Each structure stands twice: as C-alpha cells, then as structure tokens.
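Taking it in order: structure first as structure tokens, then the write-up.
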Amino acid sequence: MDDGIGETPVRCEVARYTEATCLHRRELAPEEALALCDLSSGEGVLWLNVDRVSDPAVVHAVARHFGMHPLLVEDVLHTAQRPKLEAYDNQLYLVVRMLGYDTEAERVTVEQVSLVLGRNWLVLFQENPGDVFDPVRQRFLTPGTRMRSRGADWLLYACLDALVDSHLGVLEQVDDRIEAVEESLFENPERAMFTALHVGRKQIMELRRCIWPLRDAVNALQHDETGLVSPETTLYLRDVYDHTVRLIDIVETSRDTLASMHDLYLTSVSNRLNSVMKVLTIISTLFIPLSFVTGIFGMNFRHMTVLEKGWGYPAALGLMAAMAAAMLAFFKRKGWF
Amino acid sequence: MDDGIGETPVRCEVARYTEATCLHRRELAPEEALALCDLSSGEGVLWLNVDRVSDPAVVHAVARHFGMHPLLVEDVLHTAQRPKLEAYDNQLYLVVRMLGYDTEAERVTVEQVSLVLGRNWLVLFQENPGDVFDPVRQRFLTPGTRMRSRGADWLLYACLDALVDSHLGVLEQVDDRIEAVEESLFENPERAMFTALHVGRKQIMELRRCIWPLRDAVNALQHDETGLVSPETTLYLRDVYDHTVRLIDIVETSRDTLASMHDLYLTSVSNRLNSVMKVLTIISTLFIPLSFVTGIFGMNFRHMTVLEKGWGYPAALGLMAAMAAAMLAFFKRKGWF
Amino acid sequence: MDDGIGETPVRCEVARYTEATCLHRRELAPEEALALCDLSSGEGVLWLNVDRVSDPAVVHAVARHFGMHPLLVEDVLHTAQRPKLEAYDNQLYLVVRMLGYDTEAERVTVEQVSLVLGRNWLVLFQENPGDVFDPVRQRFLTPGTRMRSRGADWLLYACLDALVDSHLGVLEQVDDRIEAVEESLFENPERAMFTALHVGRKQIMELRRCIWPLRDAVNALQHDETGLVSPETTLYLRDVYDHTVRLIDIVETSRDTLASMHDLYLTSVSNRLNSVMKVLTIISTLFIPLSFVTGIFGMNFRHMTVLEKGWGYPAALGLMAAMAAAMLAFFKRKGWF
Amino acid sequence: MDDGIGETPVRCEVARYTEATCLHRRELAPEEALALCDLSSGEGVLWLNVDRVSDPAVVHAVARHFGMHPLLVEDVLHTAQRPKLEAYDNQLYLVVRMLGYDTEAERVTVEQVSLVLGRNWLVLFQENPGDVFDPVRQRFLTPGTRMRSRGADWLLYACLDALVDSHLGVLEQVDDRIEAVEESLFENPERAMFTALHVGRKQIMELRRCIWPLRDAVNALQHDETGLVSPETTLYLRDVYDHTVRLIDIVETSRDTLASMHDLYLTSVSNRLNSVMKVLTIISTLFIPLSFVTGIFGMNFRHMTVLEKGWGYPAALGLMAAMAAAMLAFFKRKGWF
Amino acid sequence: MDDGIGETPVRCEVARYTEATCLHRRELAPEEALALCDLSSGEGVLWLNVDRVSDPAVVHAVARHFGMHPLLVEDVLHTAQRPKLEAYDNQLYLVVRMLGYDTEAERVTVEQVSLVLGRNWLVLFQENPGDVFDPVRQRFLTPGTRMRSRGADWLLYACLDALVDSHLGVLEQVDDRIEAVEESLFENPERAMFTALHVGRKQIMELRRCIWPLRDAVNALQHDETGLVSPETTLYLRDVYDHTVRLIDIVETSRDTLASMHDLYLTSVSNRLNSVMKVLTIISTLFIPLSFVTGIFGMNFRHMTVLEKGWGYPAALGLMAAMAAAMLAFFKRKGWF
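Here the protein sequences come in this chain order: A, B, C, D and E.
For the first sequence, this note's numbering assigns the number 1 to the initial residue and increments by one for each residue that follows.
For the second sequence, this note's numbering assigns the number 338 to the initial residue and increments by one for each residue that follows.
For the third sequence, this note's numbering assigns the number 675 to the initial residue and increments by one for each residue that follows.
For the fourth sequence, this note's numbering assigns the number 1012 to the initial residue and increments by one for each residue that follows.
For the fifth sequence, this note's numbering assigns the number 1349 to the initial residue and increments by one for each residue that follows.
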C-alpha cells in the first residue's frame, strides 16, 4: 500500500515453545527466520510472523517452506479479502482485518492479517509492521500458562481473541466520537455536523463489512472438520464467537443511532427555518400595515381636512399604536413568543 | 459499575429445600454461605444467590466450590454479555438481563444476572443488590407447592419466569411514557417532544437488544440436551418462551409507534410553517399594493390634477378599500381562512 | 375487561351430536352444563362453549372436568395471548383472536377465544358474550351435513373457518375506511386526515399482530402429530391456511397503501407551501419595485425639474406600467401562472 | 363479477388429440361439451375450457364429471384466490391469474384461471371469455408438434408458458408507462405526475401479489410428487420457472424505479421552492433598502439642508445606484444568478 | 440487438490443445469452424467461440453438432436471461453477463455470454464481437501452463475468472464516478448532481441484478453433480465465488453510499433554503421598521412640531441608527452571522 514501506526489507519474528522451553527471536531476515522453522523435528509449537507482504518473493518462499496452496498465497498477496476461513488439505487459512483508530485524522485504519494454521505451526502475514498481538507474546513467554501446554490451534485462538478485543476498542472510540457529535447536535446543529454524520456513516459501513464476515469465519472455525482444532479450543472459540456477536450488536446500534441523529439534524434544520420565518413574519406583519397608515397621511391631496386638525397627528399615532397592540395580541394567541 | 458498592462486602443468600424441609439464610458472608453448600450430601435443591460480582475473589471461590468452567467465570465477571445459554459438561450457564425503571430519571436500568444450573443446585450472580425474585422465594418457603417437589431445573424456570414478568412491567412503563408523549404531540408539537422521541428510540433499541437474544436463550434451554432440564420443566419453559415472544411483539410495536410519531411530528412542523407563511402572505399581499397606491398619491409632481380635486381623497380611499376586498375574496377562494 | 360483565353470571352452551341425534342447550349455568358433559359415554361429539372467562372458579371447574393442564388454564385466564397452538398429552390448545368492527367509534375490537380439542370434545372459552359461530351451530343442527358424520376435529375446523371469515369482513371494513380517506386526500389534504392516517397505521399494526401468528398456528395445526386431527380434516385446514395467507396479503397491502398515502399527504403539504410562496413572491416582486418608484418621486428635493414638468406625472405612471408588464412577462416565462 | 355476463350462457371448448388425430369444438353448451368428455376410453389428451364461472351449476356438473374435490370447486368459484398449487389424490389444481392491460384506462386487468390436471385431461375455468391461449391451440391443431406426442402435463406446461409470456407483455406496458412519466418528470414536475406515481405504485403492488406466489406455485409444480407430471415436462417447467423469476426481477426493478422517481419528484419540488424564494429575496433585498432611502428624503423636516442643494437629488440617485450595485455583487458572490 | 451487426456474417474462433500441442484459428466461417470440431477423436480440450448470436441458423447448427438441448438453444437466442447454471444430461449450461464501461456515455454496457461445457469441450456464444477473454487465450497458447494439462472444466473456470475480474474493473469505474459526484456534492450541490444520483442508482440496480444471481450460479457450479467439474477445479471455483461475494460487497456499499449522498443532497438543499431565508429576513427586518419611521416623518400633518425643530432631522436619523443597531445585536445573538 505505502510505497515507502516496500523498500524497507521484510522482517520476521519466530517463536518456538514447548511446555518447558521457549525460543523467541524478532527482527530476523526472512532466510534466517525460515532456517529456524524446521518442520521435521515437530517438537513444540512454531510461530512465524511476517511483518509485511510487500515483497512477493518472501511470501512465496515462506509458502513453499510450509507447503501452502497457490490459491492461499494469491489471497495473502491481494490484501482486499473479506474475512473468511478456508480449509485446505491439512491447513486452515483465516483472513481477518486488524483495525486501528487514527485519533488525529479521526478515522479507522484497516489492515489485512492472514493466519495459516498447520499441524503444529501458525504463520501470520501482516500488511504493515505493528500489531495487537503483545498479549499473545506475553502468554507464550510466561512459563506455566495454559498456552505453553497446548497446540498451535490454541495459539490461533489467542491471536483471534486479541484481534477481536482490539476491534472492540476501535468500536468504542468510534462510538465516543458519535456521541460527542450527538451532544453538540442538540445544542447547535451546524452543517459541519452533518458532514460528520455522513463520514461516520461511511465508517460504520466499513466496520460492518469487516465484522459480519468475521463472525461467519469464527463460526466456521468452531465447526471445523480438518481436525486441526481440538475440542478444548473449540470451547474457547465459542467465547470469541460471542464477542463477535457483541461487536455486531454495537455496530448495529451505532448505525441506528446515526440514523436517528440524521433525523434529529433534519428536524433541527426545519425548526430553525420555522423560527427564522416567524421573525420575518412578525416584523413584516407588524410594520407593513403601519407603513400603509403613514402612506395614507403622506398623500398630497389638497383636501384632506384631517391633516389640518391639531388632533390629527396624535390620533394617527394612536391608531398605529392600537394596530400594533392588536397584532402583538394575535401573535401571542398563536403562541409565537 | 458503582464504585461505592465495591467497598460494601459481598452478601450471599442460601436456600436448601426438600419436599419436607426448607432452610433459608440471608445476608451471609461468602465463606458462611459456601460452608452451607455441601454438594456431596446431594439431598434436596440448593440455591446460592451472590448479590454482587464486584469482588472477583468471591466469584472465583464460588466457582471453585461448584466446579465451574474458567470461561463461565470470565463471563460472570464481565457484565456486558448479551443474554445467552451455554452448555458445559454438566452445567448450564444462562445470562439474562434484569430490567428496572427509574421513574425519576424516566429511564430503564439494566443489570446482568448469571444463572448457573448444576445437577441439584442453582447459583445466581447479580450485579447489584435488589432483585425481582421475591415470588420465587415465596414459593420455596411455602410447603406443598409444586416447586418443593421438583428439582433445580424448576427453580431455574421460576427465576426466569419472574425475570420475564418484570421485563413486561418495565415495557409497560416505557409504553405509557410513549403514549403520554403521543397525546401531547397531537396538541402541541414542541422541539422538546422531538428530543423525547429521540431518547425513547434509544431506549427501545436497548430493550430490543436485551429481549431478542433472551428469546433465543430460552428457546435453546427448551431444547437443551444435557439432561439437566426435565421434560416437565420444558413444558413450562414453553410458557416462558411465549412470554418472550409477547415481549418482542410489544417492543416492536413501540418501535413502529415511535416511527409513526416521528412522521407525525415532522408533519406538524411542516403544517406550522405553512400556517406561518400564510399569515405573512396574507398581510403582505393585502398591504403592499395598498401602500403602492398611497405612494402614488404621495408623489410630489406639480401637475397632478387629481390631488387638487375635492373628490380625490375619498376616491383614493375607495380604490384602496376595493383592492382590499378583492384580495380578501381571493384568499377566501384559496381556502386560506 | 369490562368490570360490569364480571358481575353477570357465566353462561354456558352445550351441544352433543351424532350422525342421528343432536342435543343443543344454551344459557346454562356452569354446573348444569358440566352435568351434561359426560365424557365416559364417549358417543358423538361434545361442544361446550363458556361465554366469558371473568370467573376463574368456573374456568378451573371446567378444566378439572376435562383434565386440562394447569398452564393451559393460565393462558385461558390471561387474555393477552398471541394466537398459538400448543399440544398437550391428548389435547390441543388453540388461542385465536375474534375481531369485530365498531362502526361508530370506527375502530377494531379484539377478543381472545381459546379452543381446547380433546378426543371427542371441543371446549371454547370466550372473553365476552356474542360470537361469530352461528354458521357452525347451523351446521351441526342440520341433519345430514358433513359435520354430523365427523369428529371433534371437524368441529374445530368449522369454528376456525368461521373466525377467519369474520377476520376477512373486518379487514374489508378497515380497508373501506382507508380508501375513503384516500379519496378525500386527493381533494383536500387536511391535518385531520393525517391524524386519520396515524390512527389507521396503528390499527393495521394491531391486525398484523393478530394475523401473522394465526397463520403459524393454523400451519402447526395442519402438521399436528397428536393424532387428534384426522387426515381428511387436514385437507380442509389447508383451505383455512390459504385464507389466512390471503388475510396477510390484504393487511400488507393496506400497510403499503397507508405508507403511500403518507407520502402523498406530505407532498400535498409541500405543494401548498409552494403555491402560497408563489403568491407572496408575485405580489412582492410586482409592487415593491413600483413602490420604490413612487418613493423617488415623493422625495422633497427642491431641485427635481422632472416634478415641475407637465409630462412628469404621466411619464412616471408609464414607467411603472412598463415595469409591471416586464415582471408579469417574467412570471409567465417561469410558468408561475 | 360483471352481472351482465352472468346472463349470457356459459360456453365450453373441447379438444381431444392423439399423435394422429385431433378433434376441436368451440362454443358448445356445457352438456354437449361433457358428452364429448368420455374419460373411460382414455385415448389421447382431453382439453375442456369453461369460458366463465358465473354459473355454479355448470361448475358443479363439470366437477362431478371429472371427480373433483369439493374444496377445489369452492376455490374455483371464489375468484379471489392467490396463485397456488394444490395436490389432490390424483389431480393437481393450479390457480393462476391472467393479466391484461387496458390501454384506454391505463390500468392492469386481472382474471382468475383455474387449471385442473388429471391423468390424461386438463380442465380450465376462466372468469371471463377471452384468453391468451391461442398459441396453445395452434400447437395441438398442427400435426407433428411435440405437444401432439405428449400427455396432458405437457398441455398444462404450454398453458402456463402462454400465461407467463402474457404477464411479461403486461409488465412491459406498465414499465413503458412508468418511463414516460419519468421522462416528463425531469422536464416538468407537476402534481398530476405525483398522482401518476401513486397510481403506478398501487399497480406494481398488485402485480407483485400476482407474481411472487406464481413463482412458488411453479416451483411446487416442478417438485410435484403425484406422478402426474413427467420428468421431461419438469425440465420444461424449469424454463417457465426462470421466466417467473425474471418477472419478479422486472417488477422489483419497477418498484425501485418508482421509489427513486418519488425522491426525484420531492427534490424537484424543493428546488422549485428554493428558486421561488431566491427571486423573492433578490427583489426584496434590492428594493427595500432603496425605498428606505427615498423615505428618508421624503420626510417633511423643515431643516434638511441637503434637500435645498442642487446636487442633492443626483447625489441621492447616485447613492441608490451604488447600493443596488453592491447588492447585485453580493448576490453574484452567493451564486444566485 | 444492433441490426447492422446482423448483416455482418458470424465469425468463429476454434482452439484445440493438449499438454503438448495447441491449434488456434480465429475469424472462421461457422462451417469451417465446425469442420475443425471433431468430437469423436476426443483428444485434448476443444474451445469454440461464436462471436455473435444474431443468426439463429448458425446457433442451431452448432447446437446440433454438439447435441445441445432445445431449451438451452432457446435461452442462448433470447439474450435477456438472468445469470444461471443449468445441468443437462451430460452438459452444463452457464449464462453470465459480460460488463463493459462506456467512458464517453458514462454508462455500463451489458452483454450476455452463454457457456456450454461438455466432456472435453467448451462452447461460448457471445452477443457482440469483442470480449474479455484475452488472458484465457494467452494461457492456453503458452506451453507448460496449468491450463494445458487440465480439462475443459478448467477452461470454464478460467473464462469465469476473467469475466468476474472484468466485473470488478467496471464496478471500480462506476465507484470512481460516484466518488467524483460525492466530492462536488460537498462543494456545490446542483440539480444536475441529483440527476446524476438518480442515474447512478439505476446503474447500481442493474449491476445488482447481474451480480447476485451470478453468485448463485457460481455456487451451484461448485456443488455440481454431473461429474463434469473435477474436484481440483472446484477448489479454484471457491476462489471465483469469493470474488463474486466481494463484488456484492462493493455493489451494496455503492448503494448505501448513494443513499447517503441522496440524504446529503436534500440536506444541502434545505440548508441553502435556510440561508436564503436568513438573508431575506435580515434585510426585511432591518429596513421595514426604518421605512416605517421615515413614513411617520413623511406624513403631511400641519401640526407636527417635531418637523419644525432644527434638531428633528438629526434626532430622526439617530433613532433609526439606534433601531438598526438593536436589530443587528438581535441577529448576532440569534447566531445569524
């Protein structure tokens, strides 16, 4: 995506742990990393994390090493996949999206993460460096955790759990932003606000497109038939599934809230138009008849005896005052004040 | 949720009853309560009610005592679960939401209740003290009731029934509030009313999110396959299920009513604008031409013979009266009065 | 519902017919009626109609006599059930709603009817006296009809058929009312009309809530597995099912029509605002510039030679006439006449 | 439906064909027609077409002759059925609707056609004389066509195909009408147009109610299990099914188009209001301040030296010209020209 | 479709390849092409591409040669089919739509492509010359590609893949167009823009009608039971299926975006009306009262002593300035500047 990143060489991270031991190396060149990934020994769980997919040669090398299917490799390289689970002979391929929130630009960032699960290994391909997997790392680095005594499927579960948790964080930030707009909407509906609604709507639409298929993918993983996912892990995946359902709940609620705010905004605009019109109507209705009266007495007819009388002027002023009072009473009755 | 509550120590309530006997103790410290919960004897039905989940240590102690799954405990502690049923080896875990209505703030309060059903016991975890289970207590305290001769599944049914009944009460209060707004909307559509609609919409959305998954959970309970729920109880659960369907009916109706009221409000706003515009138009259309006439006779041309004549002034007034009459006839024909 | 009715004693109606004989008694006291309901003889079909459920003691007595389930009795007494079918050991319980149309108040009345089918008997519980079952009575009173040679399931079918037919009648009356509003809407859109739309929408919503679950109940009855409904009757129930589908068609069409009328109303309001604005604009645009001209010649400058000339006044009038003509041409071109 | 038609006697049409022979008689009295319908011989395919159902006696006679079920007869006589397929012991009953387009009244006409398929015969009941089955007649009258060598199920398929083709024709006419309105809508949005939209919407709603259940009926026919429809015919029915799906596509598209046109209309109305308001605002904003200036110099104060000066009048005119220019520049900047 | 094309003779393209050899001939007359299509030899994969279906005689000749079903031929000739898959005895018939984007007219072009798959051959019928299959040609012309070693089902997959890829290109162009409109909408909402929205909506509707059934057809192809599609190809079809799901995602997003833009447009119109009204109100409210004051002092009463005084004129001007200042302060407080 970012050309500048393409020039930086790809860095890999390798971890291999058993209940007793744990090897963890970061910032490796791809060749170094693959040298550490001896599949034949088959002891413990192996984790390989490729931090960017900008270099197809690296992806192809990794795929060859782990015996991945060509179609899988194609999907890893084209980073516009929907979240999905695909089963290959003895591998499971899970595509998910890693969300972030750029607080400065006030928008959601999206990155594709590909997870390939083998018998005792898990390979991750990320789009850009930087991720949400630190809780996972901490767990396999700590001796005695449940993760250390489980297989690669548990590692996959832990990654998925971390991803879904980070989704929740992003959603909450978007929700906070929406609520901030909502409050200011009550006080002062500005056009800028409407633009904010429009942008919010697009973001929510994008989040929905990430989260709905994610739920389906997690569900498919729960009912996986390749035997790569153990029944104990399946129980924990049910928990992840529940979280994705909650994500959907939140995103749908935000959508409804935005729709309701949109209505609120339109109503505010209508109300303002109404209040503007009332001011115009009150002023015009008050002064146009009065001006007519002054017009009458401003006519230049020679024979208007009223103009000659001493009481003419105060009488005219009195007439106008009476008219104004009648108008104001009318407005009062209409409830315009 | 409320920090102040966290400081108050957790209180427990224990009941153990058979057809013949019934022990009931309230306001116990957790250790005292657990001491009363001897699972090995296995006689009668045991009920343990933990009145708040603010202290994780207590929850973990209870979970250990009853052999609950770690994932279940996690869900008990994180009180933002959607209503759901989860089956573990020999336990059923049901999360529901207990609704209340704060009449002062005119809003719905929501609290998570976790029910864990074992072979002959039921454990409840509430978020805050205070609940809707008094009818349940009364039934197991009264000798000879059906409950006394049944197992823990019947106790679960009774709790669920009480919860769903309290949902109905809350929904009716929300409905009353909506109807009150509706009536005043017909008479006097104010902006405050619209804000009320907006708030009502959000509340109904929240209630929907409680009630729809509740129905699914009750349905899953009816078709439970762990053998913890007896066929006789299943028949009664069908009744609870019917009630949840009725709740959905009510909540969807409220939603439709709110949508219809929103339209009604917008129409009222339009109509008011229309009536304001009509007043403006009538006044302007009446007096602007008349003022023009006065303007003509107010011009200072030296050679306007009409100004010199004695009949000029009355003729001008007559002309203006005729114009006004014509205008009023026009408005009459347009149906503006 | 109506307190006054609660004081009137409950009246029952009993019928027992075979192919050859028919006993029919109305206005019986509950004890008399039950005395006639000897279930042990088992000959012919027995019909018991309880005309109101205001007295729980009577309902309980009837339930005991026929061996009805406690849950069933509870649903009979709480008259806010949705239409549904419930199967008990050797009984079928069907709740439906009997509709009426109060032509004076122009609104739909709703009453719950509970039908309990046993091996050779059918018990009806109504909410209020008065029903739509006269065609049914006529059929079992007439010797040689198909009903006389069939079992209690056929009697249930006949009652259901009568109910659905009466639904159709009510829907047609509601539809006629909507069409009446529609026609007047084209001619004269008044605010009162909009209120009528709002009320119509609520009524249609209520009817939907009666009819959709009715369809499901009839469908469930068709696929009943208790053996209480014979295959021949099932064939006839398919016909009733078709009628409920037609009811749904009608009610959905009414809903669409109301939505379309709502749009029509709003458009009419917009159009009226537009036409009001045009009148205002034409008058203002015509006379404001003319008034400006009179204003110019009404200024009191000493050195305005045009005021001194004999041709000044006619020239000013000519100028104003030309301006008016230009304006009118402009409006013509805009298509405002 | 039409009383006048009821008085005309019912006419029937009979055809009986084998691969080698074909008998075809029209305008027969019902008794003559039934005399030709010898079911015992069982050779070839028999077609009986009853041109109206106004005389129940005729329908009952035909039903007796062919051994039709009483429920089927009832549905034939009540001509407000939804399209549906019903299987009886050894007969299939298909109800469809025959559409026409009355070009003068610009509206769709609907007529019920009942088709009853037996082992080697097909009976049609129409509501009114006149139909769309001429292509079918031509096929069985022509020796050597596929129809001549097939059974009655193929005849049913041919009738259905002709009906669905005529549906397509009607839909295209409705669509043309909508497009005509759409084009004029772009040019000149009138209120009459909106009424046209409203009427179009009602027609499309009616067509949907004919076509959606038709699809279901054809689908059910494809999966028929009575053995009356041969596998070869089923293949051809798949083709009819595809056509009904296309009909649905067209009708749904029309619906979307109408909704979009409705929005377009409302927008046009708003835009016109906007443009009217701009004219009013420009004129008022231009001349009201100028009139104020003339008003100032029209005041009758004795001591206004500016009125005495020779340069006063040109200066006042200059001031007004400058104000007008400033206003026009302001409008230009606002983009109102 | 285009009459002029009907006159040009139909041209065919034939390819026959095995792993080792490849024959490819273009611009053949139909007879020449069929002469090359020897089905009996059965070696390698045969591809016949008929570049237009304007001449039914050619289509019938091809159909006879390959033994296609009459219904299939009918669908090939009637080029308004929805995308679908149909299985015949030993042939699969797939109808898809080939999209193009006419950048000048800014609209999508649609063409029907029929693909008939036999044991070792694939026949394509296009509506017009020109297609998107060049990547397919390149693959079978290049020795050693996977295609060369696979059967006709792989060729079908490759064609489908090329088609779906081209759909994506077209969708992106439509999307770009929508985004261009969106950006200008923020800056300057014109009526022309709304027309663009309306047209965009119709195009998206048309694309949906192409893409939704395409997904179903690809899905049916994946689960094909004729044995014509090998399991290896099925794996690759899953990839095509994923692409169609992504197409649906994009098209639905565009639809939502258009709906949101429509709202944005309407809001812009409302806001402009509001701002126009504000200008009118400010000007009127400012000057109408001032004009009234000049009117008072323009009256011709003889006894208005204020007119005689030297301070009268400056006092009147001061009064008017004060009134204007008060008005401006009022507008400021209302937030109208």
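All C-beta atoms, glycine included, are put in the ideal place defined by N, C-alpha and C.
Please read these numbers as outputs of a predicted model, since none were measured by experiment.
Asked: Proximal residues to Asp512(B) (C-beta, below 8 angstroms), its chain only, five neighbours per side dropped; Found: Ile587 and Ser591
Asked: Val1262(D) beta carbon near the ligand MN (any heavy atom closer than 8 angstroms); Found: This structure does not include the ligand MN; it has no bound ligands of any sort.
Asked: Among Leu1638(E), Leu1676(E), Met1675(E) and Lys1682(E), the one whose alpha carbon lies nearest that of Leu1665(E); Found: Leu1638(E)
Asked: Interface residues of chain A facing Leu603(B) [CB-CB closer than 9 angstroms]; Found: Asp263, Leu266, Thr267 and Ser270
Asked: Exposure label - Thr1653(E); buried when at least 16 CB within 10 Å; Found: exposed
Asked: Contact check, Leu722(C) vs Leu798(C), beta carbons under 9 angstroms; Found: yes
Asked: Per-residue burial, Met1012(D) [other beta carbons within 10 Å of its own, 16 or more giving buried]; Found: Legend: pLDDT at Met1012(D) = 41, less than 50; position of this residue unreliable, value from coordinates given subsequently. Its Cβ having fewer than 16 others within 10 Å, Met1012(D) is exposed.
Asked: Cutoff 9 angstroms: Tyr93(A) Cβ touching any chain E Cβ; Found: no
Asked: Buried or exposed by the 16-neighbour rule on C-beta atoms within 10 Å, applied to Trp1132(D); Found: buried
Asked: Chain A residues whose Cβ lies nearer than 7 angstroms to that of Met1495(E); Found: Those do not exist, as Met1495(E) stays about 14 angstroms from chain A at its closest Cβ, beyond 7 angstroms.
Asked: Under the three-state DSSP convention, the category Ser949(C) falls into; Found: helix
Asked: Counterpart residues of Asn49(A) in DSSP-defined beta bridges; Found: Glu13(A) and Leu124(A)
Asked: Selected residue, minimal CA-CA separation from Ser1514(E), among Leu1533(E), Thr1457(E) and Met1553(E); Found: Thr1457(E)
Asked: Euclidean distance between Cα positions of Asp392(B) and Ala366(B); Found: 12 angstroms
Asked: Within chain D, the residues that Arg851(C) reaches when beta carbons sit closer than 7 angstroms; Found: Ordered by position in chain D, no residue passes the 7 angstroms Cβ test against Arg851(C), which lies about 17 angstroms from the chain.
Asked: Proximity winner among Arg1093(D), Asn1139(D) and Val1069(D), relative to Glu1043(D) (alpha-carbon distances); Found: Val1069(D)
Asked: Beta-carbon proximity list for Glu1530(E), same chain, < 6 angstroms, skipping 5 on both sides; Found: Met1609
Asked: Close-in-space but distant-in-sequence residues of the same chain around Gln305(B) (CB under 7 angstroms, 5 per side omitted); Found: Look at the range of chain B in this structure, 338 to 674, and you will see that residue 305(B) is not part of it.
Asked: Cβ shell of Leu697(C) (< 8 angstroms), same chain only, five flanking positions each side left out; Found: Val688, Ala689, Arg690, Tyr691 and Leu710
Asked: Endpoints, beta strand (DSSP E) assigned at Glu1454(E); Found: Neither: Glu1454(E) is in no beta strand (DSSP E) and is coded neither H nor E.
Asked: Burial state of Ala694(C), where buried means 16 or more other Cβ atoms lie within 10 Å; Found: exposed
Asked: Contacts around Phe961(C), its chain only, beta-carbon distance under 7 angstroms, and the 5 residues preceding and following it disregarded; Found: none
Asked: DSSP beta-bridge partners of Met98(A); Found: Glu111(A)
Asked: Endpoints, alpha helix (DSSP H) assigned at His1076(D); Found: Pro1067 to Phe1077
Asked: Residue-chain proximity (Lys1006(C), chain B), Cβ-Cβ < 9 angstroms; Found: no
Asked: Buried or exposed (CB count within 10 angstroms, at least 16 for buried), Gln418(B); Found: buried
Asked: For Gly130(A) and Gly4(A), the rounded distance between their alpha carbons; Found: Note on Gly4(A): pLDDT 44, under 50, position unreliable in the model; no value is reported.
Asked: Ala20(A) in three-state terms, based on DSSP; Found: coil
Asked: Residue range of the unbroken beta strand (DSSP E) whose run includes Glu423(B); Found: Lys421 to Tyr425
Asked: Neighbour flag for Glu1656(E) against chain D, beta carbons, 9 angstroms; Found: yes
Asked: Contact residues within the region 1222-1234 of chain D, judged by C-beta distance below 8 angstroms to chain E; Found: none
Asked: Bridge-paired residues (DSSP) for Gln428(B); Found: Tyr425(B)
Asked: As assigned by DSSP and simplified to three states, the class of Glu1380(E); Found: helix
Asked: Sequence-distant residues of its chain with Cβ nearer than 7 angstroms to Arg389(B) (five each side left out); Found: Ile342, Val347, Gln463, Glu464, Asn465 and Pro466
Asked: Cutoff 7 angstroms; reference Arg148(A); Cβ partners in own chain excluding five residues on either side; Found: Tyr17, Glu19 and Phe140
Asked: Residues that Arg255(A) bridges to, as DSSP identifies them; Found: According to DSSP, Arg255(A) bridges with nothing at all.
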